[in-house]
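S.K.: The structure that follows is given in the form of structure tokens.
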Amino acid sequence: MAAVADPAPELASLAESPGWLALGHYHPLPGGGFAGEADDPHFFLSASGHHDPALELEATLAALREAGTPESRQRLACRYPARLDWIFRQPELYRQLPPGMSSHPVCSELEAWMNSIDPKGVTLVFPSAYLDSASSMFGHSFLRIDSRDPKSPPLLATTINFTADAEKARQDGDLFYAWKGLTGGYPGTFSILPYHAQVRAYTHMESRDLWEYPLTLDSRETRQLLRHVWEVRNVRFDYYFMDENCSYRTLALLDAARPSLQLRAAMPFWVLPVDAVRTVREKNLVSSVHWRPSSSTELYAHARQLNRDEQAQALALEDGSTPCCDENAARYPAKVLEVAYEALRYHTIPLTPVERKKTDQRALALLTARSRQAAGSQLTSPTQPEVSPDQGHLASRFSLGTGFQNGETFGEIEYRPLYHTLTDPAAGYPLGSAINFLDTTLRTYGHGDDQLEQLEVVGISSLNPVDRFIQPSSWQVRFGTRRINLNGQRPLLGYLEGDWGGAVSPAPDHLFYAMASASLLGGSALSSSIDPGLGPRAGWLYRHLLGGQGMFDFSYLCYLANPDACLGSLRFEHTLNLGHGNQSLRLRAGREGGIGSDGNLLSLSYQHYF
Amino acid sequence: MRTLVTSLVLAIPLAAFAAPPPPSAPRTGEGASGCGWGSLLFDGNNGVGAHVAAMSTNASFSNDMFGVSSGTNGCSATPVIRYKGGRVYIAQNMTQLAQDIARGEGETLAGLSSTMGIAAADQTRFNQTLQQHFREIYPDATVSSDQVMEAMLTVMRQDPRLAAYAAG
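Sequence lines, in order, name chains A and B. Numbering of the first sequence is given in our numbering, commencing with residue 1 and proceeding in unit increments. Numbering of the second sequence is given in our numbering, commencing with residue 1 and proceeding in unit increments.
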């Protein structure tokens, strides 16, 4: 490494230009100066490169000047192809290079790779949320490189993916995983995969829909993106679940391709995959939206295209009660065989290979029978939802309301940073899914008291309808602190609660659920300090009714520490959607059983999403 | 009694975030790569639970695609730059390919014909021929991707128009 003098002034200003900062993954610090996000010392040529973009630029120029032989130039070009490309485009820097170096050195291995891809542009891909896993509940982001050849199938396209190291993550318990994920405890690296591998993993293995957003980056910018991927492909960036995550790193790649975008800088404190899509849309980068349904979405839709008799046939073929099918394959319509196969696959994918082997013959028999009918598939794919996830209401919510609690008037303020509750404006969000973080409600009463009404730290709902072919379970989890009616008072108690059961959806916008509910209350106001309760819960969730969506929820929990404390609770909530989707009016009414006293609630709130 | 119920009560919400069992095999091995080695006709999640698999999907996959020669497990020794070669594609798409061939259409099948360089004019014939000979290509559920490839080429060689694509 060459010794470098203090960088010249024009160098310093270039080093702080969006182009160089993007390539070095630097961001400005509030007090001045810069921090690099790459946590691998080998990414930098200068010992101070991690926090000094100017020194890093000078070191790169020095390396370029010193690369006397074609081999050394090739090595440098293979190590920092994007940096060199950028340097050669800056006239002030170009002037400082040795006279013999008229065009920038090229890495032949990289060029071969890029030519095989023949890039035209980039698509941002958003796998939708997967509530069963903490790391996937907000979705994901990765990039797909599209080829200039219009006949080249998207499934063969290259994708660039930034993720945390799975091996280490899998060995940690969940709580440790959550902690390390939040604090940068896992290394993250880029990986390259063909798109068909991603489609298979997301839509088949995990039943997640994919949303594709082709971007307006051109071929030249896409090549620069690929050069930069080559630079960072083995570089470790510590993975921070909230801010320096897959979406952030994906935006960083786009910044490297077109530095004027400054997408990273446009993101708030936390980076949600769906917000990455919104930011990219705001910068007019999105040309269209394409949806790829998951295997369960397809199965739901295909099953509905069979009449009841055909469904019964398909079910019997799937579970083997009707053996399939050699001699009489032709008596089953092709679509029945297809749905039977899809259902069998859906149920056997989660099994171990040993268990799945038992059904392999049946699966093959169904496919073989299907192959005997020459016609193409009669089943149609589900239609793309009108509203894509990024067009749904924004993630944070602020509410202002008023109402009556146990006969007393109150004013109420509520703030929830993330993400979506069951009765928030429905567009762009699946029915029955909700994630609530740090939902805080403060009230001020007519008689003068100001109090915390509730702080829900985490609340998650995953209500999934069962049908003849798929029987997923429905569950909810929540914990936090809230006020419970207790002997005429309303003390704050901690709660940890969960529900487990099933749901049905007789019509597309309606969900009825029935669950077993468990609750653990804790607090000094309880004579026993801790009180577990169990009981049933049932409800009705609806959308596209009365200008919005809402729910009825009934529960009856019997608590053990207080023998007579069976708390029946009936809640109604309706939200009217206003304006362009980021405002609503919420009506709540409910009767909540208490210990020794009951309570009534009626409230109206104006809600704003931002 | 209270302890029992309390632990039952706690189990319901925590079950949603249960700690994953240690994996028995690396997730990348099962059908994710390789030419004939470990690529089952009907693949799946290895039974470790969708929960753990989900942690993996948002986590890194095998990163061996960057021009590293994959000269092991019966794969061709030339570097796989653009995933060209039907052999690799078949290995990575066993299940979906079988489904598409049975139906005589589909995106995965289109991807295979593109990989093998089938001309647009011959596409339909390619699809139909494979569908008609499904049984020979997939005689039983234990076929390997190499066997699938070989059977496919044999079928293609028997067709005057498709034989040209099956040379070599």
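Note that CB positions come from ideal geometry on N, CA and C, so glycine has one too.
With the cut-off set at 8 Å, would you say Leu226 (chain A) and Arg258 (chain A) are in Cβ contact?
M.R.: Contact: no.
S.K.: So what's Ala427 (chain A) in DSSP terms, helix, strand or just coil?
M.R.: In the structure shown, Ala427 (chain A) sits in coil (DSSP, three-state: anything other than H, G, I, E or B).
S.K.: Give the straight-line distance between the Cα atoms of Glu573 (chain A) and Leu422 (chain A), rounded to the nearest whole angstrom.
M.R.: Approximately 10 Å between the Cα atoms of the pair.
S.K.: What residues of chain A sit near Leu162 (chain B), judged by a beta carbon separation below 7 Å?
M.R.: Here the premise fails: no neighbours, minimum Cβ distance about 17 Å.
S.K.: Looking only at its own chain, which residues have a Cβ that is under 8 Å from the Cβ of Leu395 (chain A), when we skip the five neighbours before and after it?
M.R.: Correcting the residue type first, residue 395 (chain A) is Ala in the shown sequence and not Leu. Same-chain partners within the cutoff: Leu272, Val274, Asp275, Pro417, Leu418, Tyr419, His420 and Tyr609.
S.K.: In chain order, which alpha helix (DSSP H) runs of at least 4 residues are fully inside the stretch 75 to 141 of chain A?
M.R.: Listed in chain order, they are 81 to 88, 91 to 94 and 108 to 117.
S.K.: Can you give the Cα-Cα distance for Gly432 (chain A) and Met551 (chain A), rounded to whole angstroms?
M.R.: Taking the straight line joining both Cα atoms gives about 11 Å.
S.K.: When DSSP labels each residue in this structure, what does Phe610 (chain A) get in the three-state scheme?
M.R.: Residue state, collapsed to three classes: coil.
S.K.: Let me check one thing: in DSSP terms, what residues is Val611 (chain A) bridge-paired to?
M.R.: Here chain A covers residues 1 to 610 and nothing more, so residue 611 (chain A) does not appear.
S.K.: Under a CB-based cut-off of 8 Å, is Tyr341 (chain A) close to chain B?
M.R.: Taking Cβ atoms only, chain B reaches closer than 8 Å to Tyr341 (chain A), which makes this a yes.
S.K.: So, are the CB atoms of Phe469 (chain A) and Ala369 (chain A) less than 8 Å apart?
M.R.: Cβ distance not < 8 Å, so Phe469 (chain A) and Ala369 (chain A) don't count as in contact.
S.K.: So, are the CB atoms of Cys324 (chain A) and Arg356 (chain A) less than 8 Å apart?
M.R.: Their beta carbons are not under 8 Å apart, which means Cys324 (chain A) does not touch Arg356 (chain A) by this criterion.
S.K.: Using a Cβ cut-off of 7 Å, pull out every chain A residue sitting near Ile90 (chain B), in sequence order please.
M.R.: Near Ile90 (chain B) there are no residues of chain A at all, since even the closest Cβ is about 11 Å away, more than 7 Å.
S.K.: When the Cα atoms are used, what is the spatial distance from Phe398 (chain A) to Leu11 (chain A)?
M.R.: Phe398 (chain A) and Leu11 (chain A): Cα-Cα distance of roughly 46 Å.
S.K.: Count the C-beta pairs between the stretch 435 to 453 of chain A and the stretch 556 to 568 of chain A that are closer than 8 Å, then say yes if the count reaches three, no if not.
M.R.: Cβ pair count under 8 Å is below three, so no.
S.K.: Relative to the C-alpha of Leu182 (chain A), which residue among A:Phe241, A:Ala201, A:Arg200 and A:Ser584 is closest?
M.R.: Of the candidates A:Phe241, A:Ala201, A:Arg200 and A:Ser584, the one whose C-alpha sits nearest the C-alpha of Leu182 (chain A) is A:Phe241.
S.K.: Buried or exposed: where does Phe138 (chain A) fall if 16 or more other Cβ atoms within 10 Å of its Cβ makes it buried?
M.R.: Its Cβ being crowded by 16 or more others within 10 Å, Phe138 (chain A) is buried.
S.K.: Cβ of Gly593 (chain A) less than 8 Å from any chain B Cβ?
M.R.: Not an interface residue.
S.K.: What are the residues in the stretch 128 to 141 of chain B lying within 8 Å of chain A by C-beta distance?
M.R.: Under the 8 Å Cβ criterion, the stretch 128 to 141 of chain B contributes Gln128, Gln131, Gln132, Phe134, Arg135, Tyr138, Asp140 and Ala141.
S.K.: Just to confirm the assignment, what range does the alpha helix (DSSP H) spanning Trp270 (chain A) have?
M.R.: No alpha helix (DSSP H) contains Trp270 (chain A), which DSSP labels as neither H nor E.
S.K.: How is the beta strand (DSSP E) around Glu592 (chain A) delimited, first residue to last?
M.R.: Per DSSP, Glu592 (chain A) belongs to the beta strand (DSSP E) from Gln583 to Glu592.
S.K.: For Thr124 (chain B), which of helix, strand or coil comes out of DSSP?
M.R.: Looking at Thr124 (chain B) - three-state DSSP - the assignment turns out to be helix.
S.K.: Comparing C-alpha positions only, which one of A:Pro333, A:Gln391 and A:Pro382 sits nearest to Gly376 (chain A)?
M.R.: The shortest Cα separation from Gly376 (chain A) among A:Pro333, A:Gln391 and A:Pro382 belongs to A:Pro333.
S.K.: Please return the same chain residues whose Cβ sits closer than 8 Å to the Cβ of Val280 (chain A), not counting the five positions on each side in sequence.
M.R.: Around Val280 (chain A): Leu124, Tyr213, Leu215, Leu251, Leu254, Leu263 and Val286.
S.K.: Smallest Cα separation from Cys558 (chain A): which of A:Gly594, A:Thr575 and A:Arg543?
M.R.: Here the closest residue by C-alpha is A:Gly594.
S.K.: Could you give the DSSP three-state label for Asp209 (chain A): helix, strand or coil?
M.R.: Residue state, collapsed to three classes: coil.
S.K.: Helix, strand or coil, according to DSSP, for Met116 (chain B) in the structure here?
M.R.: Note: Met116 (chain B) maps to coil in three-state DSSP.
S.K.: Can you give the Cα-Cα distance for Leu617 (chain A) and Glu456 (chain A), rounded to whole angstroms?
M.R.: Look at the range of chain A in this structure, 1 to 610, and you will see that residue 617 (chain A) is not part of it.
S.K.: Can you look up Pro22 (chain B) in the DSSP assignment and give me helix, strand or coil?
M.R.: Here the model assigns Pro22 (chain B) a pLDDT of 27, short of 50, so the residue's position is not dependable and the matter cannot be decided.
S.K.: Looking at C-alpha atoms only, which residue of A:Pro9, A:Gly32, A:Pro30 and A:Ser46 is the closest neighbour of Gly24 (chain A)?
M.R.: Residue A:Ser46 is the option with its Cα nearest to Gly24 (chain A).
S.K.: What is the DSSP secondary structure of His410 (chain A), counted as helix, strand or coil?
M.R.: The residue you asked about is not His; residue 410 (chain A) is Phe in the sequence shown. In this structure, Phe410 (chain A) counts as strand in the three-state DSSP scheme.
S.K.: Leaving aside the five residues before and after Gly599 (chain A) along the sequence, list all residues of the same chain whose C-beta is less than 6 Å from its C-beta, in chain order.
M.R.: Result list for Gly599 (chain A): Asn406, Asn485 and Glu592, in chain order.
S.K.: Does the distance from the CB of Gly502 (chain A) to the CB of Val466 (chain A) come in under 8 Å?
M.R.: In this structure, Val466 (chain A) lies closer than 8 Å to Gly502 (chain A) by Cβ.
S.K.: Which residues of the stretch 358 to 392 of chain A have a Cβ closer than 7 Å to any Cβ of chain B? Give them in chain order.
M.R.: Going along the stretch 358 to 392 of chain A in chain order, one finds Asp360, Gln361, Ala363, Leu364, Leu367, Thr368, Arg370, Ser371, Ala374, Gly376 and Ser377 with a Cβ nearer than 7 Å to chain B.
S.K.: Using alpha carbons as the reference points, say which of A:His290, A:Leu84 and A:Val504 lies closest to Ser462 (chain A).
M.R.: It is A:Val504 whose Cα lies nearest to the Cα of Ser462 (chain A).
S.K.: Determine the burial state of Gln489 (chain A): buried for a count of at least 16 other Cβ atoms within 10 Å of its Cβ, exposed for fewer.
M.R.: By the neighbour-count rule (16 or more Cβ atoms within 10 Å), Gln489 (chain A) is not buried but exposed.
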